[in-house]
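Under my numbering, think of the first position of the sequence shown as 13, with each following residue one higher.
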Amino acid sequence: MPALTADRSPDQLVAELERLIGVDWPTVWAGVPEDAEKRARWCAGFDWRPLWAEAGLRVRTSLGGRLYLASAAPGGPVTRIDHTVWSARARDTDENPLVTDLAEAHWTACLTALRGLLGNPTWHGTWNTPDFPELPGRGPWYSPQWRLDQRDPYRVAVWRFRTPGAPVFELKATLGTGSEDRPTAADARIELSCHGPREPDNHEPAQGTDVRRN
Numbered sequence: 013m014p015a016l017t018a019d020r021s022p023d024q025l026v027a028e029l030e031r032l033i034g035v036d037w038p039t040v041w042a043g044v045p046e047d048a049e050k051r052a053r054w055c056a057g058f059d060w061r062p063l064w065a066e067a068g069l070r071v072r073t074s075l076g077g078r079l080y081l082a083s084a085a086p087g088g089p090v091t092r093i094d095h096t097v098w099s100a101r102a103r104d105t106d107e108n109p110l111v112t113d114l115a116e117a118h119w120t121a122c123l124t125a126l127r128g129l130l131g132n133p134t135w136h137g138t139w140n141t142p143d144f145p146e147l148p149g150r151g152p153w154y155s156p157q158w159r160l161d162q163r164d165p166y167r168v169a170v171w172r173f174r175t176p177g178a179p180v181f182e183l184k185a186t187l188g189t190g191s192e193d194r195p196t197a198a199d200a201r202i203e204l205s206c207h208g209p210r211e212p213d214n215h216e217p218a219q220g221t222d223v224r225r226n
């Protein structure tokens with residue numbers, strides 16, 4: 013059987029996001045203090061517990077989830093927050109179809125739950141959807157050709173809002189199965205990312221939208 017390495021329920025995802033929506037985003041984007049004592053106080057202001065710092069900071073939330081605050085340098089601006097909702101690894105390629113089915117089922121449940129909180133996404137689709145958008149915060153390896161060859165990301169839903177300083181919310185599923193000619197054992201993941209204004213983003217937010225509970 014595949015190894016399940018993260019398994020947060022859709023209700024837990026919504027609860028974590030409800031807490032995130034209410035944070036002081038300008039303070040988050042400004043960056044995490046380098047000094048350990050100041051960092052602990054900074055985290056306490058969000059009801060987070062610092063875990064370890066490496067290319068950013070990992071924290072534990074009061075609801076038991078783990079967040080990754082990405083930053084290019086210690087003390088630098090936070091560019092996004094990642095929360096892994098679900099992940100599973102196949103022992104070999106024979107288990108890839110099962111991992112894919114599990115990922116699809118959890119994706120559907122998570123997307124339905126987020127629709128109840130955020131409304132319909134600005135965009136959602138799969139790796140081969142013709143109008144697949146340019147997503148924020150992607151490295152050069154995330155070219156259209158990479159996406160088509162690797163089916164990475166496999167599914168994406170994006171919410172954009174007009175509230176100043178509000179994140180771009182992205183729910184993303186990856187399978188990690190490699191390409192058709194070079195398949196690998198699945199390393200699947202469903203992740204929620206909150207992208208900050210400092211990440212590359214060439215798209216305007218949807219008209220007439222706002223962040224709930226802001």
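C-beta atoms are modelled at their ideal positions from N, C-alpha and C, and glycine is treated no differently.
Cβ-based neighbour list, Val168, same chain, cut-off 6 Å, excluding 5 preceding and 5 following: Answer for Val168: Lys184, listed in chain order.
Own chain residues within Cβ distance below 7 Å of Val35, not counting five before or after: Hits under 7 Å: Phe58.
Residues of its chain near Ser99, where Cβ-Cβ distance is below 6 Å and the 5 sequence neighbours each way are ignored: The answer, listed in chain order, is Thr17, Ala18 and Arg201.
Neighbour-count burial assignment, Ser83, 16 or more Cβ in a 10 Å radius: Ser83 counts as buried, since no fewer than 16 other beta carbons sit within 10 angstroms of its beta carbon.
Burial state of Asn108, where buried means 16 or more other Cβ atoms lie within 10 Å: Flag for Asn108 reads buried.
Burial state of Trp64 (16 or more Cβ within 10 Å): That one is exposed.
CB contact below 7 Å: Ala82 versus chain D: You won't find chain D in this structure, because it holds only one protein chain.
Pairwise C-alpha distance: Ser74 and Met13: Rounded to the nearest angstrom, the two C-alpha atoms are 31 Å apart.
Per DSSP, cross-strand counterpart(s) of Gly1: Nothing can be reported for residue 1: it is not among the residues displayed for the chain, which extend from 13 to 226.
Ala218, DSSP secondary structure in three states: Only weak support is given to the placement of Ala218: the predicted model assigns it a pLDDT of 36, under 50, and the question is left unresolved by the model.
Cutoff 6 Å; reference Pro45; Cβ partners in own chain excluding five residues on either side: Around Pro45: Arg51 and Trp54.
Residues near Gly76 in its chain [Cβ-Cβ closer than 7 Å; skip 5 each side]: Taken in chain order, the list of residues that qualify is empty.
Within 7 Å, strictly: CB atoms of Thr96 and Glu203: Contact annotation: Thr96 and Glu203 have beta-carbon atoms nearer than 7 Å.
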